[in-house]
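Protein chains: 2
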Amino acid sequence: MPDKVRIVVDAMGGDYAPAEPVRGAIEALQKSDRIEVIFTGEEERIRQVLADLSYPKDRVRIVPATQIIETAEPPVKAIQSKKDSSLVKGLQLVHKGEADAFVSSGSTGAVLVGGQAIVKKIRGVMRAPLAPLIPTNKGASLLIDCGASVDARAAHLVQFAVIGSIYMKEVQGIRNPRVGLVNIGAEEEKGNALCKEAFPLLQACREINFVGNVEARDIPKGAADVYVTEAFVGNVILKLYEGVGSVLLSTVKQAIMSSPKSKIGGLLIKSELKKALADFDPHAHGGAPLLGLRGLVVKTHGSSRALEFCNTLLECVQFHDQDVNGKIQAYLSKTEES
Amino acid sequence: MPDKVRIVVDAMGGDYAPAEPVRGAIEALQKSDRIEVIFTGEEERIRQVLADLSYPKDRVRIVPATQIIETAEPPVKAIQSKKDSSLVKGLQLVHKGEADAFVSSGSTGAVLVGGQAIVKKIRGVMRAPLAPLIPTNKGASLLIDCGASVDARAAHLVQFAVIGSIYMKEVQGIRNPRVGLVNIGAEEEKGNALCKEAFPLLQACREINFVGNVEARDIPKGAADVYVTEAFVGNVILKLYEGVGSVLLSTVKQAIMSSPKSKIGGLLIKSELKKALADFDPHAHGGAPLLGLRGLVVKTHGSSRALEFCNTLLECVQFHDQDVNGKIQAYLSKTEES
């Protein structure tokens, strides 16, 4: 019998805590008998949500934590001072080997800082990249890195490319994922100093399927499965995606609501539109993994509902079963030797 | 009587040359009796387009040029080797003081390189930024820099902020334009090394109305009138804007065309939708100026039609009348003294 996957769920993180993380985790439990859930947070409030749900009691436990790290708190200070927070306690369980993965909708900064400081990086990993999936015309692609470590060097980008490729292959099931370097022109000699240095290194890397530079206009068209970039640019891409999408869709909605005639038109296209735009819903995918750590840390959206938690937990099983960290480690020891 | 504004139009640049640049320029002539147009390019082909138009002959002349710089050509080499191109000849007219402005839909790289090499920078300008207008919920904002000079330093960003503010005030009529620094968090201490260094400098600059950091998700919401950023990030923003917009709108269109019912719905919302999205049309605004040069150089979209050329020429008059370059110069000599 395959082993269990022990997943800590931060029950206090996100806009709808504790109800949605708890419900989502229980849904995942029901879908996969491989999962064991450990909730961290205020025991009484977690029990209240659980009271309404039916679930296998032997696969759920609570590790009480009395503090909550708020989104506005400076991450480093919060991690250091709030030792009894649901976030710090959860990460410690992974660090001590009592859990395989940690999932949280809490403060992105605290998850990033805490993940690196408490769970710690795999030996040889230079930086732990945050790698969300972004919607494209051809399915979801991985944007790596959107994390807190800005001003990356070329060697970091190569590691991101390899780690991102392993993730897309093993967890998302993309065979031979295409890796693109986000750049401001398609030709090899284009770009800033970082891109010019990274391009030949990516080209020489045998572990990846490098397809060259990708201009930002081609990102939503699915020009690659793994978009490699430095964290500052990655963060700009991620947030602009969200911003342009929401402004455009609200403009379309306003246009539909602006006259009686267009309101009727809106009713007639509603179901088709909803279906077509579903793929562009960031919540349709699981959370963003912070890769390269000794264990798995996943950041879900602050506004995550049960569905996103459930999908994320199922992806944690996949991550564990495909031994993603083992494969990252194998690559690193190979490059260390050479 | 106010003086004439002499504008060179590259008749051979862009997807619809020479017809659309020539028609657009003639439209501008008819709207403003201040404009004189000089077309550069193949005389015979320009004359063919002019033959169908009525216009004041004394305000139009042609400077023949036999070569054309193609979009795919490496810019530096093209500028050096194609001395008889419509682009090089046009820029030389500005350099020699025979024209006030140059407008082209040709190769962006060649316009950027040629503008700096031939027209040359105003003394004290460290870099000449390319500054397109981008659509937002609250009207158009300036994105500065999207040019070819990547890896800018903090002092460059401060100049961009001042130059961009002068442009938005004098040419676009925005009183006290809000300047935002594109960053990955709202707090002062956020960002990469460049942003951390630039933030206090922008804050200390008295010539601008600095509103602090702006996250990429707030760019389409019109969080500032002038978005200051380094060229690599600016280019990513500009192109991702275009990419996300076109993929989303084509998704909406596909949804509308997917069933007979939704097609009828589409007809009912068509006029309202068109109106609402008009502001998001990049061609609704004039071209992107390359600022800080001794003269004005404007890059219009490769796919520009007559309307965009016409608008661009009218903006050139505004640029000239408001003495934008004089104001940039005044700022520079003030900072030189201090």
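Protein chains in written order, with our numbering: chain L, 1 to 338; chain W, 1 to 338. For each residue, glycine too, the CB sits at the ideal point set by N, CA and C.
For glutamine 172 of chain L, the secondary structure class from DSSP, reduced to helix, strand or coil, is coil.
Linking valine 244 of chain L to tyrosine 241 of chain W through their CA atoms gives a straight-line distance of about 7 Å. Taken through DSSP and simplified to helix, strand or coil, glutamine 322 of chain W comes out as coil. The beta carbon of lysine 299 of chain L does not come within 8 Å of any beta carbon belonging to chain W, so the residue lies off that interface. Residues of the segment 124–144 of chain L that bring their beta carbon within less than 7 Å of a beta carbon in chain W comprise Asn137, in sequence order. The CB of valine 247 of chain W comes closer than 8 Å to the CB of Thr136, Asn137, Pro220, Lys221 in chain L, given here in chain order.
Phe232, Val233, Asn235, Val236, Ile237, Lys239, Leu240, Tyr241, Glu242, Gly243, Val244, Gly245: these are the residues of the segment 228–246 of chain W whose beta carbon lies less than 7 Å from some beta carbon of chain L, given in chain order.
Under the DSSP assignment, lysine 138 of chain L falls outside any alpha helix (DSSP H); it carries neither an H nor an E label. At a Cβ-Cβ threshold of 8 Å, alanine 198 of chain L and leucine 181 of chain L count as neighbours.
Interface flag for asparagine 192 of chain L against chain W is set, since a Cβ pair is found closer than 8 Å. Judged by DSSP secondary structure, tyrosine 227 of chain L falls within the beta strand (DSSP E) whose first and last residues are 226–228. By the 16-neighbour rule on beta-carbons within 10 angstroms, proline 135 of chain W is buried. Bridge pairing for glycine 180 of chain W: W:Gly212, W:Tyr227 [DSSP]. In the assembly as shown, threonine 312 of chain W is a buried residue. Its beta-carbon has 16 or more other beta-carbons within 10 Å. By the Cβ-count criterion, arginine 153 of chain L is exposed, with fewer than 16 other Cβ atoms from all chains shown falling within 10 Å of its own Cβ. Cβ-Cβ separation between leucine 291 of chain W and proline 129 of chain W: approximately 6 Å, consistent with a contact (criterion under 8 Å).
Using a Cβ distance threshold of 8 Å, leucine 91 of chain L and phenylalanine 102 of chain L count as a contacting pair. With the rule of 3 Cβ pairs closer than 8 Å, the segment 320–327 of chain L does not count as touching the segment 4–17 of chain W. Within chain L, Leu248, Leu249, Val252, Ile269, Leu273, Ala276, Leu277 have C-beta atoms less than 9 Å from the C-beta of valine 252 of chain W, given in sequence order. Residues of chain W whose Cβ lies closer than 9 Å to the Cβ of glycine 266 of chain L are, in chain order, Gly265, Leu268, Ile269. In the DSSP secondary-structure assignment, proline 289 of chain W is bridged to W:Val298. Around the beta carbon of arginine 47 of chain W, a 10 Å sphere encloses fewer than 16 other beta carbons of the protein chains shown; the residue is thus reported as exposed. Below the 9 Å Cβ cutoff, chain W contributes Asn192, Ala193, Leu194 as neighbours of aspartate 151 of chain L, in chain order.
Below the 8 Å Cβ cutoff, chain W contributes Glu272, Ala276 as neighbours of serine 258 of chain L, in chain order. Counting C-beta atoms within 10 angstroms of its own C-beta, leucine 273 of chain W has 16 or more neighbours from the protein chains shown and is therefore classed as buried. The C-beta separation of methionine 168 of chain W from aspartate 84 of chain W comes to about 37 Å, leaving the pair out of contact by the 8 Å criterion. Annotation: valine 150 of chain W is outside any alpha helix (DSSP H) and is labelled neither H nor E by DSSP. Neighbours of glutamate 215 of chain W in chain L, taken as residues at a C-beta separation under 7 Å, are given in chain order as Lys239.
Secondary structure of arginine 127 of chain W (DSSP, three-state): coil. A distance below 6 Å between beta-carbons, with the five flanking residues on each side excluded, links histidine 95 of chain L to the following residues of its chain, in chain order: Ile118, Val119. In this structure, isoleucine 174 of chain W sits away from alanine 110 of chain W, with a CB-CB distance that is not shorter than 8 Å. Annotated three-state conformation of isoleucine 69 of chain L is coil, per DSSP. Exclusion of the five residues before and after glutamine 67 of chain W leaves Lys82, Asp84, Ser85 as the residues of its chain whose Cβ lies within less than 6 Å of its Cβ. Using a Cβ distance threshold of 8 Å, alanine 148 of chain W and alanine 231 of chain W count as a contacting pair.
The C-beta of alanine 224 of chain W comes no closer than 8 Å to any C-beta of chain L.
Buried is the label assigned to glutamine 116 of chain W, since at least 16 other Cβ atoms lie within 10 Å of its Cβ.
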